[in-house]
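The structure appears right after this line, and notes come after that.
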Amino acid sequence: MKSHDLDKSDKIILKMLQAGAQIPLSEIAAKAHLSPSSCHRRIKVMEGNGLILGYTATLNRKLLGLANEFFVELSLVAQTEDAFEKLEKAVQRVPEILECHLMSGQFDYLLRVVARDAEDYERIHRTKLSRLPGVQRIQSSLALRTVKAGSGFPVE
Numbered sequence: 494m495k496s497h498d499l500d501k502s503d504k505i506i507l508k509m510l511q512a513g514a515q516i517p518l519s520e521i522a523a524k525a526h527l528s529p530s531s532c533h534r535r536i537k538v539m540e541g542n543g544l545i546l547g548y549t550a551t552l553n554r555k556l557l558g559l560a561n562e563f564f565v566e567l568s569l570v571a572q573t574e575d576a577f578e579k580l581e582k583a584v585q586r587v588p589e590i591l592e593c594h595l596m597s598g599q600f601d602y603l604l605r606v607v608a609r610d611a612e613d614y615e616r617i618h619r620t621k622l623s624r625l626p627g628v629q630r631i632q633s634s635l636a637l638r639t640v641k642a643g644s645g646f647p648v649e
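To convert, take the position in the sequence shown, counting from 1, and add 493; that gives our numbering.
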């Protein structure tokens, strides 16, 4: 399904699900001008074709004791398919790495990493990040404050 295949009701459904996946189906259906069964059917189609990938709860990392968030730039020794595959497989096993993006530009990967404090990040850096396969250089930046986060994709 491509974005141009979505009608106005589909877009309303997607916007509402991104805003809160626990919104009652009856409320979503009413806003989309659909019956609940028609709305449910559309959601199932969008799940089936991979447009809706899943539903998650957004947690407060600070209340979990993860006060610090770091953006980490990784440069690899070699930019080969094998090096990329090994690194990408290894980052899956590090729970503190929330996101990993292959980049163009000055470095190869950008990671989003959480830690309790500076001491915890130093431990993660020493015991996990520096042991990732093929890493030549690591540059870390502490996020001072999140200005905007996770508001969902634009559905127009």
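Here a beta-carbon is modelled for each residue, glycine too, at the ideal position from N, C-alpha and C.
Can residue i be considered in contact with the ligand FMN, in the sense that its beta carbon sits closer than 7 Å to one or more heavy atoms?
{"i": "GLU574", "result": "No copy of the ligand FMN occurs in the structure displayed, which carries no ligand at all."}
Is residue i helix, strand or coil when you go by DSSP?
{"i": "ARG609", "result": "coil"}
{"i": "HIS533", "result": "helix"}
{"i": "VAL538", "result": "helix"}
{"i": "VAL648", "result": "coil"}
{"i": "LYS641", "result": "coil"}
{"i": "ILE545", "result": "coil"}
{"i": "ARG554", "result": "coil"}
I need the straight-line Cα distance from residue i to residue j, nearest angstrom please.
{"i": "PHE563", "j": "VAL606", "result": "5 Å"}
{"i": "ILE516", "j": "MET509", "result": "8 Å"}
{"i": "SER634", "j": "HIS526", "result": "46 Å"}
{"i": "GLY543", "j": "VAL587", "result": "26 Å"}
{"i": "GLY513", "j": "GLY541", "result": "20 Å"}
{"i": "PHE600", "j": "GLU589", "result": "20 Å"}
{"i": "SER528", "j": "SER502", "result": "11 Å"}
{"i": "GLU520", "j": "GLU612", "result": "46 Å"}
{"i": "ASP500", "j": "ALA523", "result": "16 Å"}
{"i": "ILE536", "j": "LEU604", "result": "32 Å"}
{"i": "LEU518", "j": "SER644", "result": "21 Å"}
{"i": "LYS555", "j": "ILE617", "result": "18 Å"}
{"i": "ALA560", "j": "ASP610", "result": "6 Å"}
{"i": "MET596", "j": "GLY558", "result": "30 Å"}
{"i": "PRO571", "j": "LEU591", "result": "Looking at the sequence shown, residue 571 is not Pro but Ala. Each residue's Cα considered, the two are about 24 Å apart."}
{"i": "TYR548", "j": "LEU507", "result": "12 Å"}
Using the DSSP secondary-structure output, state which residues sit across from residue i in a beta bridge.
{"i": "GLU592", "result": "ARG605"}
{"i": "ILE631", "result": "LEU567"}
In the DSSP assignment, find the unbroken beta strand (DSSP E) run with residue i in it and report its ends.
{"i": "VAL568", "result": "Note on identity: in this sequence residue 568 is Ser, with Val being the wrong assignment. Taken as a continuous stretch (DSSP letters only), the beta strand (DSSP E) holding SER568 covers 561-569."}
Name the two residues that bound the continuous alpha helix (DSSP H) containing residue i.
{"i": "LEU622", "result": "Neither: LEU622 is in no alpha helix (DSSP H) and is coded neither H nor E."}
{"i": "PHE577", "result": "574-584"}
{"i": "ALA512", "result": "501-512"}
{"i": "ALA522", "result": "518-524"}
Which whole-angstrom value describes the C-beta separation of residue i and residue j, a residue pair presumed to lie in contact below a C-beta threshold of 8 Å?
{"i": "ILE631", "j": "LEU567", "result": "6 Å"}
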